[in-house]
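Line order of the protein sequences matches chains A and B.
Read in the working numbering, the first sequence has 61 at position 61, and its numbers run on one by one without any break.
Read in the working numbering, the second sequence has 170 at position 55, and its numbers run on one by one without any break.
Beta carbons: idealized from backbone N, C-alpha and C, even for Gly.
Please read all numbers here as calculations on a predicted model, not as lab measurements.
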Amino acid sequence: MLHGILTLLLFQFVGECISKLFMLKIPGAIIGMVLLLLFLMIRKGSFHALDNAVFWLLRYLPLFIIPAAAGIITQFETISNELFAILASLIVGTFLALAFSVKLMDVLISRKEGK
Amino acid sequence: MNVDALIAYVMNTPLSWIIITLSAYKIGIIIYEKTGKNALLQPIVIAYVIMLPILLLAKIPYKQYFDSVFILHFFLGPATVALALPLYKNLKLIQSYFLPILITLVFGGIFTILSAVGILWLFDASKITMLSMTTKSVTAPITLITAHDIGANAALAIGFVVITGLLGALLGTFVFKLLKIKHDAAKGFALGLISHAVGTARAFEISENAAAFSALAMGLVGVFIAVVLPIVIGFL
């Protein structure tokens with residue numbers, strides 16, 4: 001478990017350092033994630049120590065979001081001023097995006113399998 | 116007995132807010148499990164409903180609350196890195212449908228942002244709302260670490276992410292029937308692409324295969340948007 005957590009923190013740290021050093025606009029944790037992905041692809045075998053830490057972190061992921069999510073209490077004014085636009089964007093936008101994406105992929109798969 | 120000292124302690128120790136936050140989430144998990152893991156009753160939604168009135172009634176400044184529970188926030192970084200593992204495990208799926216996945220990822224990802232921001236623009240919404248809407252289909256930890264870089268409001272962005280997740284899960288079945296979608300892979304991929312983890316929870320109700328494609332889409336679109344968005348917005 002500790003081994004896994006340490007691995008994740010090290011990859012995050014290296015990612016953050018790379019982001020700072022090269023003044024990248026990409027968040028450091030994302031660079032860390034991509035580096036870990038490449039590491040796993042090169043290493044191929046299983047990595048049990050990582051499994052436990054990842055399971056624990058991802059299981060409680062929504063909990064880690066609450067501190068930032070609670071900041072909504074400072075945003076009631078923006079929300080009430082633009083309520084209609086926000087609702088329209090969320091509801092109509094999500095409907096359209098879902099319909100567009102699923103149809104696109106469905107047609108592409110049908111074509112591929114039809115060949 | 117020193118009641119004043121007790122009250123001052125309770126009001127000021129981070130312990131109180133950590134206990135309240137963990138309890139709210141625990142109640143969320145209990146309700147989620149008691150209702151047969153209904154994708155719409157996500158623990159975080161229930162935690163939200165419990166936490167917000169408490170924060171408002173306590174009249175605690177948001178910064179004080181955030182500092183008190185910062186220890187939870189800290190884990191977002193390693194949790195984002197941890198997303199590499201499920202992505203790695205589902206990566207072999209890419210080989211089976213490489214082009215459909217790549218095309219849907221890029222066009223679906225861009226369409227999601229443009230449609231949502233476009234509607235806001237039509238209604239003359241503010242710039243901060245539009246920026247906060249750009250990450251609405253990205254999984255929450257990636258949204259949070261990206262929000263800062265693109266000048267969005269993290270709390271608004273997270274609110275949009277949670278609602279988009281719920282809407283996608285809610286509309287999914289209806290949209291799939293309406294458009295006569297045949298492939299589970301497409302259903303799963305679209306759910307993960309638009310509605311991140313909530314969509315993936317819904318995809319599990321369709322099939323294992325749909326869920327795997329959903330998890331794959333969630334990881335890919337998170338990386339895609341986190342990499343492309345700050346660069347695009349940097350040019351605007």
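{"Query": "For the segment 180-220 of chain B, which segments carrying the alpha helix (DSSP H) assignment without a break, of at least 4 residues, lie completely within its bounds, in sequence order?", "Result": "185-189, 191-197, 199-205, 207-211"}
{"Query": "Shortest alpha-carbon distance to Ala316 (chain B) belongs to which of B:Ala139, B:Pro158, B:Pro215?", "Result": "B:Pro158"}
{"Query": "What would DSSP say about Tyr60 (chain A), mapped onto helix, strand or coil?", "Result": "coil"}
{"Query": "Check whether the segment 287-301 of chain B and the segment 133-144 of chain B are in contact - that is, three or more C-beta pairs closer than 8 Å.", "Result": "no"}
{"Query": "Can you check whether the C-beta of Ser89 (chain A) is within less than 9 Å of a C-beta belonging to chain B?", "Result": "yes"}
{"Query": "Can you check which of these residues, A:Gly114, A:Leu108, A:Val102, is closest to Ile296 (chain B) by C-alpha distance?", "Result": "A:Val102"}
{"Query": "So, is the C-beta of Ile26 (chain A) closer than 9 Å to a C-beta in chain B?", "Result": "yes"}
{"Query": "Comparing the C-beta of Leu172 (chain B) with each C-beta of chain A, is any distance below 9 Å?", "Result": "no"}
{"Query": "Does any residue of chain B bring its CB to less than 9 Å from the CB of Lys20 (chain A)?", "Result": "no"}
{"Query": "Hey, could you find the ends of the alpha helix (DSSP H) Thr244 (chain B) is sitting in?", "Result": "242-248"}
{"Query": "Grab me the residues of Ala284 (chain B)'s own chain with a C-beta within less than 8 Å of its C-beta, minus the 5 sequence neighbours each way, in chain order.", "Result": "Ala154, Leu155, Leu306, Ser310, Val313, Gly314, Ala316, Arg317"}
{"Query": "Ignoring anything shorter than 4 residues, give me the alpha helix (DSSP H) runs that lie fully in the segment 120-151 of chain B, in order along the chain.", "Result": "129-149"}
{"Query": "Taking only runs that begin and end inside the segment 265-300 of chain B, name each unbroken alpha helix (DSSP H) of 4 or more residues, in chain order.", "Result": "269-293"}
{"Query": "Name, please, each residue of chain B whose Cβ falls closer than 8 Å to the Cβ of Leu2 (chain A).", "Result": "Those within 8 Å of Leu2 (chain A) in chain B number zero; the least Cβ separation is about 12 Å."}
{"Query": "Gln157 (chain B) CB to nearest chain A CB: under 9 Å?", "Result": "yes"}
{"Query": "Within the same chain, show all residues whose beta-carbon is closer than 7 Å to that of Leu246 (chain B), passing over the 5 residues directly before and after it, in chain order.", "Result": "Ile265, Gly266, Ala267"}
{"Query": "Measuring alpha carbon to alpha carbon, tell me which of B:Ala341, B:Val343, B:Phe328 ends up nearest Lys207 (chain B).", "Result": "B:Phe328"}
{"Query": "For Pro102 (chain B) and chain A, any beta-carbon pair shorter than 9 Å?", "Result": "Nothing about residue 102 (chain B) can be read from this structure; chain B reaches only from 116 to 351."}
{"Query": "Between the beta-carbon of Thr249 (chain B) and the beta-carbon of Val221 (chain B), is there less than 9 Å?", "Result": "no"}
{"Query": "With a threshold of 9 Å between beta-carbons, can Thr150 (chain B) be considered close to chain A, or not?", "Result": "no"}
{"Query": "So is Asn205 (chain B) buried or exposed if we call it buried at 16+ other beta carbons inside 10 Å?", "Result": "buried"}
{"Query": "Which residues mark the beginning and the end of the alpha helix (DSSP H) in which Ser101 (chain A) is found?", "Result": "83-114"}
{"Query": "Quick check on the DSSP output: the alpha helix (DSSP H) that includes Lys20 (chain A) runs from which residue to which?", "Result": "2-21"}
{"Query": "Quick one: which chain B residues come within Cβ less than 7 Å of Glu82 (chain A)?", "Result": "Ala240, Ser241, Thr244"}
{"Query": "Measuring straight from C-alpha to C-alpha, what distance separates Asn81 (chain A) and Ile228 (chain B)?", "Result": "22 Å"}
{"Query": "Verify the CB distance criterion: does Gly32 (chain A) have a CB-CB separation below 9 Å to chain B?", "Result": "yes"}
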